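K.L.:
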Amino acid sequence: MSASTTANLRHDWSLAEVKALFVQPFNDLLFQAQTVHRAHFDANRVQVSTLLSIKTGACPEDCKYCPQSGHYNTGLEKEKLLEVQKVLEEAARAKAIGSTRFCMGAAWKHPSAKDMPYVLEMVKGVKAMGLETCMTLGRLDQEQTEALAQAGLDYYNHNLDTSPEFYGSIITTRTYSERLQTLAYVRDSGMKICSGGILGMGESLDDRANLLIQLANLPEHPESVPINMLVKVAGTPLENAEDVDPFDFIRMLAVARILMPTSHVRLSAGREAMNEQMQALAFFAGANSIFYGDKLLTTANPQADKDMQLFARLGIQPEAREEHADEVHQAAIEQALVEQKSSEQFYNAAV
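Here it is in structure tokens:
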């Protein structure tokens, strides 16, 4: 991204301005979003990621939307942290079906000291395969953030979920300021930020606008902005939440695109319930990233072959992997390759 492009990005959006975008005629909003999108991206390319749950269930957080919370009985089978080799096998499968980014999620409030070495090995191993890496592990302290950056992690996902004003109605076990602090640590470490939110939790238009304002008014825009539609899971407090109007969801994507022109806006959770026409509108509104595969952590996702069939019908191609010149990340790749080779030599000698 050029210095001139960066200089043109705004970080001072007001609530009145953003609400004015939301309420303008639908066709006008989509035209504006598509115009912004084409100024910064190939309109017929979509970035493809795969998400794997590396540790499932028994999370101490009380997020009312989440089936992994230990506060609710959703029938979810708890799993310990996956072995590193299992994660690498799943990453290889993801790459084989066309993903360029491999995202790993753990149901933690924050990673423990005993688990961090395994997490770092996962990052190094996936990175060595030529995939972009992303993790979501909960709250991070500065030391953990720097360790992940040194291991070569490209993106850290830490969603704000909703507006500061509505947040307390959804989560009480972690503060909004803690989420913002983790994002600040991630940015200071040199990693990229993946942060977005969820629609359908009972929030107002002001809440949707204020969520986007929080993201767009950060000192640097998140490189990836996932927009999720609530997946209602029996046993969670939001299992009977009112459905999101499809046009309202598309409006959210379009406004996100206008506010954050150079960010990848990800059509994320809830895509299983969207028909092809709604997904096509989402891409037109400026969404240019999806999760690809059968499952998003613990909820269903359209199968990969269905996605590729839709891409073919729309004339969309998967986006090629971004090549990073960052010296820290390049060094991490080289180090991971050395370590992987040493491990293979040790294994071969042992057998």
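Heads up, the sequence shown is in full-length UniProt numbering, so the first residue is 1 and it goes up one at a time.
We put the beta carbon where it would ideally sit given N, CA and C, even for glycine.
Only a predicted model underlies this, so the values are computations on that prediction, with no experimental measurement involved.
1. Could you have a look at E165 and say whether DSSP puts it in helix, strand or coil?
2. Can you tell me where the beta strand (DSSP E) with A43 in it begins and where it stops?
3. Taking just the CA atoms, how far does N240 sit from R266?
4. Mind listing, in chain order, the continuous beta strand (DSSP E) runs of no fewer than 3 residues lying wholly within the segment 180–216?
5. Who pairs with A287 in a beta bridge, going by DSSP?
6. Looking at the structure shown, is K19 part of a helix, part of a strand, or coil, going by DSSP?
7. Is the segment 252–261 in contact with the segment 32–48, if contact means three or more CB pairs nearer than 8 Å?
8. Please list, in chain order, all residues of the same chain as Q142 whose beta carbon is under 6 Å from its beta carbon, the five residues on each side excluded.
9. Please report the residue range of the beta strand (DSSP E) in which V225 lies.
10. Would the segment 6–26 count as touching the segment 49–60 if we require 3 or more Cβ pairs under 8 Å?
11. Rounding to the nearest angstrom, what Cα-Cα distance links residue 364 and A216 in this structure?
12. Within its chain, find whatever has a CB closer than 6 Å to the CB of Y167; leave out the 5 residues flanking it on each side and keep chain order.
13. Hey, would you say M229 sits closer than 8 Å to G270, going by beta carbons?
14. Here's the rule I'm using: 16 or more other beta-carbon atoms within 10 Å means buried, otherwise exposed. How should residue 366 be labelled?
15. Within 10 angstroms of the Cβ of A282, are there 16 or more other Cβ atoms? Answer buried if so, exposed if not.
16. Can you name, in chain order, every residue of its own chain whose Cβ lies under 7 Å from the Cβ of P246, other than the five neighbours on each side?
17. Who are the near neighbours of M191 in its chain, counting only those whose CB is closer than 8 Å to its CB and skipping five residues on each side?
P.N.:
Put simply:
1. In the sequence shown, the residue the question calls residue 165 occupies position 165. If DSSP states are grouped into helix, strand and coil, E165 belongs with the helices.
2. As a working note, residue 43 is residue 43 in the sequence shown. Premise fails: A43 is in no beta strand (DSSP E) and is neither H nor E.
3. The residue given as residue 266 occupies position 266 in the sequence shown. The residue given as residue 240 occupies position 240 in the sequence shown. One C-alpha to the other measures close to 25 Å.
4. 192–194, 197–199
5. Residue 287 sits at position 287 when you count from the first residue of the sequence shown. The partner list for A287 (beta bridge, DSSP) reads V265.
6. The sequence position of residue 19 within the sequence shown is 19, counting from 1. DSSP places K19 in the helix class (H, G or I) of the three-state scheme.
7. yes
8. Here residue 142 refers to the residue found at position 142 of the sequence shown. The answer, listed in chain order, is Y185.
9. Position 225 of the sequence shown, counted from the first residue, corresponds to residue 225. It spans 224–229 - the beta strand (DSSP E) in which V225 sits, taken as one unbroken run.
10. With the cut-off at 8 Å, the segment 6–26 and the segment 49–60 do not touch.
11. Because the chain is modelled from 1 through 351, residue 364 falls outside the range shown and cannot be assessed.
12. Taking the first residue of the sequence shown as 1, we reach residue 167 at position 167. Excluding sequence neighbours, Y167 sits near Y176.
13. Taking the first residue of the sequence shown as position 1, residue 229 is located at position 229. Taking the first residue of the sequence shown as position 1, residue 270 is located at position 270. Taking 8 Å as the Cβ cut-off, M229 and G270 qualify as a contacting pair.
14. In the structure as shown, the chain starts at 1 and stops at 351, and residue 366 therefore has no counterpart that could be examined.
15. In the sequence shown, residue 282 corresponds to position 282, counting from 1. The residue is buried, with at least 16 neighbouring Cβ atoms inside 10 Å.
16. Here residue 246 refers to the residue found at position 246 of the sequence shown. So the list reads M278, once near-sequence residues are dropped.
17. For this step, residue 191 is matched to residue 191 along the sequence shown. Closer than 8 Å at the Cβ level, and outside the excluded window around M191, lie T145, L148, A149, L153, D154, Y155, Y156.
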